[in-house]
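Counted the way the numbering used here counts, the sequence shown spans residues 19 to 139.
Every residue gets a Cβ at the ideal spot worked out from N, C-alpha and C, and that includes glycine.
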Amino acid sequence: MSIIEEWGELNGLRFSPQKSCMLPITYRRRLSIANPPVVELYGQPIRAVRELKYLGVIWDSGLTFHSHFKDRKAAVDILSYRLTLTVCKWFSKQPRLLKKIYIGALESKLLFGHGTWGHRL
C-alpha cells in the first residue's frame, strides 16, 4: 500500500481509506473472509467485503460471479417482460423482426461483463 500512497503523493492524489475496500480472493478457502488480512492505507485499516461492484460487474471472493448472474437475470427478466408487453402489439405478425428486437435488447444485457466471467462457462 505504500507504493499506492507514494504514487498518489507524486500525482497530487489522496485516496480515502473510508471509501476504499478490499476483496480477499479466497482460492480454495485458504483465506477466511471472517478473519481477513489487515491492510492499511495512510495508517487506517481498509474494510474487507464479500463482494463489490466494479464497472457494472459484481465480483465475489470466490470469483464465482453468482451475484453478477443473479443481477443480470433480474435485469433480463424485467426487460423481457416490458418488451413482451410493448413489442408484441406491433410486431407480432413479423417474427423475424420480433426476434431481432429481442436478441438485440436482451443479448447485451445477458453478456455484460463477458470478458471477465466468460471463461467460467
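Taking 8 Å as the limit between beta carbons, can you name the residues of its chain near residue i, skipping five residues before and five after?
i    : result
L59  : M19, I22, E23, F33, P35 and S38
A93  : K127
L70  : C39, L41, I76 and W77
G26  : R32 and F33
L101 : I119, Y120, A123 and L124
Buried or exposed for residue i, going by 16 or more other Cβ atoms inside 10 Å?
i   : result
I43 : exposed
I64 : buried
H84 : exposed
H86 : buried
R90 : buried
Among all the DSSP beta bridges, which residues are the ones paired with residue i?
i   : result
E58 : P63
M40 : A66
Which stretch, first to last residue, makes up the alpha helix (DSSP H) that contains residue i?
i   : result
G30 : Unbroken run through G30: none, as it is neither H nor E.
Sorted by chain position, which residues of the same chain lie with C-beta nearer than 6 Å to residue i's C-beta, five sequence neighbours on each side aside?
i   : result
Q62 : P35
E54 : The displayed chain sequence assigns Pro, not Glu, to residue 54. Cβ within range, chain order: P42 and A66.
Cutting at 7 Å between CB atoms, please list the residues of its own chain near residue i, excluding the five before and the five after it.
i    : result
G122 : none
F130 : G74 and R90
Quiz item: Which full runs of the alpha helix (DSSP H) of 4+ residues lie inside the region 69-138, going along the chain?
Solution: 84-109, 113-128 and 132-135
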